[in-house]
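K.L.:
Submitted below is the structure of interest, expressed as structure tokens.
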Amino acid sequence: MHDLTFFRNNLESMRKRLAARGFDLDLDAFQDLDRKRRQAVTEAEMLKAERNAASIEISKLRKQGADTTDRQQQVRLTGDRIADLDQQVTNLDDEFRDLLSRIPNITDASVPLGRSSDDNVEVKRWGTPREFDFKPKPHWDLGPELGILDLERAAKVAGARFAVYWGMGARLERALINLMLDVHTNEHGYQEVLPPFLINSASLFGTGQLPKFAEDLFRCEGHDLWLAPTAEVPVTNLYRSETLNADQLPISLCAYTPCFRSEAGSYGRDVRGIIRQHQFQKVELVKFTKPEQSYEEHEKLTRDAEDILERLELPYRRVLLCSGDTGFSAAKTYDLEVWLPGQNDYKEISSCSNFEAFQARRAQIRTKSGKSKSEFVHTLNGSGLAAGRTWVAILENFQQSDGSIAIPKALQPYLGCDRILPNEKHY
RNA sequence: GGAGAGGUGGCUGAGUGGUCGAAAGCAGCGGUUUGCUAAACCGUCGUAGGCCUUUAAAGUCUACCGGGGGUUCGAAUCCCCCCCUCUCCGCCA
């Protein structure tokens, strides 16, 4: 959400910058609503001042023993008009807030202009895709053949876009999560948190998923609770409505959580395998920073995510999203894409964003040092990494001609072996 | 799920219908005093929104005592609903 005063004072330039990311701001609608709201507020407040004065007057008169019935009757009428105006103000406020809360963040100056993912800019490439002396298989063949991935039974138990992992498949997922958490907490300076997986509407509003993207979420019937689509939501909202001491910033947190997404509108995309699931596991990195340090921390956070890929010896590239492809709340986003031999392409495995004050303003997360006025923090987050897609990358990149999977050195202590062989107990 | 207690400013904590945005204390900030520190003393000290103003400041008004509704000329205070915290009981991993 934008700062109203700033937005109002810079309407034309905001309109242009929003257009750069493909959002069409209706200036007339904005100004009209803004003007109507201020009119109603002004009128209601004038009447309230009048009523307050009259109440004090009545109080004095009654102490003197005067009959105030008529005066009370008059004020009562004023009260009715106030109630009427207050209702108008409430309605206009809601409407205005709704309008404001659906306007996306503006992108940073370093973000290239563009309309779609075609205009994203590759800024870096690490590792060389391996040369195979046989035709590499996609994970949806490898997993079931090894008896470690079972999509049929997942469909029975839950439905399409769910997975069941057996034996070393399950252990591989757990090993990846443990490796990521250990590296981030021990070597990158993040504190681990384990947040709730169900979250309320206020939290989703704070990070920007609501009100605009409700259809992407799963909701618990009869409760104000939703399944978290990413740990970004519960972790960023840990400090909702709080003022953080500037000396403590930046605060770096990492969290393992499952993530639940309805994937409405993704029909036909990534239907094979486990690239796109209703549930996937992820280790998330979240930072709260002072405004002036957020871009430096954004680079660091992205490097922290990349470090995991490098330890796992997985070739990847870093892509800077263009204005049109950057998400609703973000000012700047890097996607990390891992090489998947089975798809013969790079595929998103992490997304690292700087939201500047956009989420902090929605979630009321401030910072204050000494006597300076409090200001909104900047929030950042990134996957470090999506475990499901890392699982896929391990299988596809390290598959052997005999169908087994070699395990990169860094992961071996976590998996307890250097190779995944066919699961003899998968019936 | 049942019974009870409670939610007031950064914190502690008064306040049961009328200048209460709210006593007092602590912390914070500014100052006086002081060889330094400490103490003492004086002052100051919430947030948001509207009006005014070129912006800001100042000024002024409005709102805010967990959230929402109601009663009243007037609500932190009375009534109703909800949420949260704590204690006990039940249930449960």
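Here the first sequence is numbered in my numbering, starting from 114 and rising by one per residue. Ideal placement from N, C-alpha and C gives every residue a C-beta, glycine not left out. Predicted model only: the values in this text are computed from it and were never measured.
Since THR118 sits in a beta bridge, which residues does DSSP pair it with?
P.N.:
DSSP output for THR118 lists no bridge partner at all.
K.L.:
Are the CB atoms of MET114 and ARG475 within a distance shorter than 8 angstroms?
P.N.:
Result yes, Cβ atoms of ARG475 and MET114 sit closer than 8 angstroms.
K.L.:
In the DSSP assignment, find the unbroken beta strand (DSSP E) run with ASP383 in it and report its ends.
P.N.:
Per DSSP, ASP383 belongs to no beta strand (DSSP E) and is neither H nor E.
K.L.:
Verify whether the separation of the beta carbon atoms of HIS491 and ALA473 is less than 8 angstroms.
P.N.:
Yes, they are a contact pair.
K.L.:
Between which residues of its own chain and GLU170 is the CB-CB distance below 8 angstroms, once the five residues before and five after are set aside?
P.N.:
Closer than 8 angstroms at Cβ, skipping near neighbours: ARG184.
K.L.:
Can you give me the start and stop residues for the alpha helix (DSSP H) that LEU174 sits inside?
P.N.:
Start and end: 140-176.
K.L.:
For the segment 246-331, which segments carrying the beta strand (DSSP E) assignment without a break, of at least 3 residues, lie completely within its bounds, in sequence order?
P.N.:
If we require 3 residues or more, the beta strand (DSSP E) runs fully inside the segment 246-331 come out as 304-306.
K.L.:
Report the partner residues of LYS400 according to the DSSP bridge assignment.
P.N.:
Bridge partners of LYS400: SER365, LEU493.
K.L.:
On the three-state DSSP scale, how would you describe ARG430?
P.N.:
Three-state result, ARG430: strand.
K.L.:
Looking at the secondary structure, which residues open and close the alpha helix (DSSP H) in which ILE216 lies?
P.N.:
First-last for ILE216: undefined, no H or E at that position.
K.L.:
With distances taken from CA atoms, which of GLN186, THR439, VAL202, ALA344 is nearest THR155?
P.N.:
Comparing Cα positions, the closest option is VAL202.
K.L.:
Does DSSP classify PHE393 as helix, strand or coil?
P.N.:
If DSSP states are grouped into helix, strand and coil, PHE393 belongs with the strands.
K.L.:
Three-state secondary structure (DSSP) at LYS538?
P.N.:
Coil.
K.L.:
Answer with buried or exposed for HIS336, where buried requires no fewer than 16 other C-beta atoms within 10 angstroms of its C-beta.
P.N.:
HIS336 is exposed by the Cβ-count criterion.
K.L.:
Can you tell which of VAL505, PRO535, GLU355, ALA327 has the C-alpha that lies nearest to the C-alpha of GLY516?
P.N.:
For GLY516, the nearest C-alpha among the options comes from PRO535.
K.L.:
State the beta-bridge partners of TYR459 as determined by DSSP.
P.N.:
According to DSSP, which records beta bridges pairwise, TYR459 is partnered with TRP452.
K.L.:
Helix, strand or coil for THR191, going by three-state DSSP, please let me know.
P.N.:
In the structure shown, THR191 sits in a helix (DSSP, three-state: H, G or I).
K.L.:
Touching or not, the segment 442-462 and the segment 493-513, by the rule of three or more beta carbon pairs under 8 angstroms?
P.N.:
Counting Cβ pairs under 8 angstroms, three or more are found: they touch.
K.L.:
State buried or exposed for THR349, treating a residue as buried only when at least 16 other CB atoms are found within 10 Å of its CB.
P.N.:
Per the 10 Å Cβ criterion, buried.
K.L.:
Does DSSP put VAL234 in a helix, in a strand, or in coil?
P.N.:
Strand at VAL234.
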